[in-house]
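Protein chains in written order, with my numbering: chain A, 5 to 289; chain B, 305 to 591.
Built from N, CA and C at the ideal position, the CB exists for glycine as well.
Here the structure is a predicted model, which means the values were calculated and not measured.
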């Protein structure tokens, strides 16, 4: 997989209030997102992960270091629109990102602004709504949709711009369990079937374990990164930084500490299999 | 003794219009004084409508809400008193902060209750302490605070009214794991210290498992279940059909049970370990 986004030694400070010194929220962070990858970005509120997301599509520009998107430097104004078209951003609150009073008009908003011809817009809007399974709702009013449906419309609005990458900043934080699984299923399918690169910022560990790679940030830096199994097997490190691990992972970790040689497990199924190997045979009858 | 009862409670939005929709349909329930109730249900199940009838923000289309045995709408002019006794913390309450300082913001509720200025301030300070906001926060502007701190200010504003029943609608939504943990610990210790009744609406089954004595499950405008936490979470398959889940740890033990191992229902990590240890020791593979 080739490199798609590259952050090189990036620092960032928000404009300070009057009389106060600027404080870096990112301190020399380097990370790479490969084309077609599904990356989960974890960390506490305030660790800099949302800032990172905004640097990925030039909503913010680094105060130190460089961010490259598909080889383009995000500080180069000439390629700004190209970067924003290629990297779409979905935020936490679906009500803050839908603008039109009809679902399909909302999805058309992006491509209209890119100057796409009308017949092409029609085709893209229909395809995007089908991709998020919201085509049947195309004439509905967004405010009448559930949270999960609204987020899928927001995602469709980005797909209609034919992006290479979608960055989602806690897209499921306001959703119920059903809405969460709808959104998760949608982004996994887009990643798998259309090869769209996904960067998912989340506080839900069960979402993170489904990623190809997990990057954990803490206090403006990368704490650790790797496959979900590599990251979540470091239970002590994560706990030390008051980060969560899935309950399945924690259970096998605790039992391992009590002398049962369990592997690191990431979900219910793995945990049950690991336990089954050590439990006495089930008595018949 | 029951502090809140709902009798044949029904609420219909837009009655008499083409958009008429029954959001709460003939709900009967009784909540005892001092209980910690978890309320779950998918979006649109009627749970938010239900809780808004409890303090008279919505007036039932039919049926009754009783507070200490009295219909809260018996004297509609006194509904304000009901709102002081049943405190409501809405979703994303930090959006409702407006005062110049944290102390003033927390004082807003009690200052409308006809208390002396000293009593108002005492209550505000106590409430701030309950949610873990130290003295130096009180003079800050609420808008300088982080999201989690703002939310604690908003919750303190309701606690300062010293309600007999505290209703929290998704208080941990959007907080990180550490923020959730701190807030939940504060809510449970407030509940223990004050001995009042708490209703916690949440999409996080882990939060509910940690805190609730009983769970009310709303589904399709009905109260589908209202039972002790352990009993509700033992009905995982039914919950999944309603678009809900059980905590992962509960699910793991129920999967083992389905495969024939004699393990009970676990709500927490500690319970799961306790259930599994005797069996694992019988397996005899300890290193």
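Local conformation of residue i per DSSP, three classes
i                      : result
residue 200 of chain A : coil
residue 3 of chain A   : Given that chain A is displayed from residue 5 to residue 289, the structure contains no residue 3 of chain A and the question cannot be resolved.
residue 107 of chain A : helix
residue 177 of chain A : coil
residue 216 of chain A : coil
residue 390 of chain B : strand
residue 92 of chain A  : strand
residue 438 of chain B : coil
residue 17 of chain A  : strand
residue 311 of chain A : Coverage of chain A is limited to positions 5 through 289, which leaves residue 311 of chain A absent and any answer about it impossible.
residue 418 of chain B : coil
residue 230 of chain A : strand
residue 252 of chain A : helix
residue 380 of chain B : helix
residue 405 of chain B : coil
residue 245 of chain A : coil
residue 235 of chain A : helix
residue 602 of chain B : In this structure chain B extends from 305 to 591, so residue 602 of chain B is not present and cannot be described.
residue 357 of chain B : helix
residue 443 of chain B : coil
residue 282 of chain A : helix
residue 184 of chain A : helix
residue 339 of chain B : coil
residue 85 of chain A  : helix
residue 190 of chain A : helix
residue 3 of chain A   : Any question about residue 3 of chain A goes unanswered here, given that chain A covers just 5 to 289.
residue 352 of chain B : helix
residue 385 of chain B : helix
residue 274 of chain A : helix
residue 259 of chain A : helix
residue 539 of chain B : coil
residue 320 of chain B : coil
residue 427 of chain B : helix
residue 167 of chain A : coil
residue 289 of chain A : Confidence is the limiting factor: at residue 289 of chain A the pLDDT is only 48, short of 50, which leaves the residue's position unreliable, though a coordinate-based value still follows. Residue 289 of chain A falls in the coil class under three-state DSSP.
residue 66 of chain A  : coil
residue 397 of chain B : helix
Residue span of the beta strand (DSSP E) that contains residue i, given as start and end
i                      : result
residue 532 of chain B : 526-532
residue 581 of chain B : That residue, residue 581 of chain B, is in no beta strand (DSSP E); its alpha helix (DSSP H) goes 573-587.
8 Å contact criterion, which residue i and residue j should meet: CB distance rounded
i                      : j                      : result
residue 187 of chain A : residue 176 of chain A : 5 Å
residue 33 of chain A  : residue 11 of chain A  : 6 Å
residue 530 of chain B : residue 354 of chain B : At roughly 11 Å, the Cβ-Cβ gap does not stay under 8 Å, so residue 530 of chain B and residue 354 of chain B are not in contact.
residue 217 of chain A : residue 231 of chain A : 6 Å
residue 87 of chain A  : residue 73 of chain A  : 5 Å
residue 213 of chain A : residue 271 of chain A : 6 Å
residue 364 of chain B : residue 458 of chain B : With a Cβ gap of about 27 Å, residue 364 of chain B and residue 458 of chain B do not count as contacting.
residue 60 of chain A  : residue 239 of chain A : At roughly 29 Å, the Cβ-Cβ gap does not stay under 8 Å, so residue 60 of chain A and residue 239 of chain A are not in contact.
residue 409 of chain B : residue 483 of chain B : With 8 Å as the limit, residue 409 of chain B and residue 483 of chain B do not qualify as a contact, their Cβ atoms being about 19 Å apart.
Limits of the unbroken alpha helix (DSSP H) element including residue i
i                      : result
residue 60 of chain A  : 53-60
residue 30 of chain A  : Premise fails: residue 30 of chain A lies in the beta strand (DSSP E), 28-38, not in any alpha helix (DSSP H).
residue 268 of chain A : Premise fails: residue 268 of chain A is in no alpha helix (DSSP H) and is neither H nor E.
residue 101 of chain A : Careful: residue 101 of chain A lies outside any alpha helix (DSSP H) and carries neither H nor E.
residue 160 of chain A : 151-163
Identified DSSP bridge partners for residue i
i                      : result
residue 374 of chain B : B:371
residue 225 of chain A : A:222
residue 77 of chain A  : A:72
residue 315 of chain B : B:328
residue 310 of chain B : B:333 and B:369
residue 10 of chain A  : A:36 and A:72
residue 205 of chain A : A:45 and A:173
residue 344 of chain B : B:521
Interface residues of chain C facing residue i [CB-CB closer than 7 Å]
i                      : result
residue 549 of chain B : Among the protein chains of the structure shown, namely A and B, there is no chain C.
> In the stretch 452-537 of chain B, which residue ranges form an unbroken beta strand (DSSP E) of at least 3 residues, counting only runs that do not cross its ends?
Replying inline: 469-473, 501-505, 518-523 and 526-532, all fully within the stretch 452-537 of chain B.
> Fully enclosed by the stretch 544-575 of chain B, which alpha helix (DSSP H) runs are 4 residues long or longer?
Replying inline: Correct list: 552-562.
>> I'd like the ranges of any alpha helix (DSSP H) spanning at least 4 consecutive residues and lying wholly in the stretch 105-149 of chain A.
In response: Correct list: 107-117 and 122-135.
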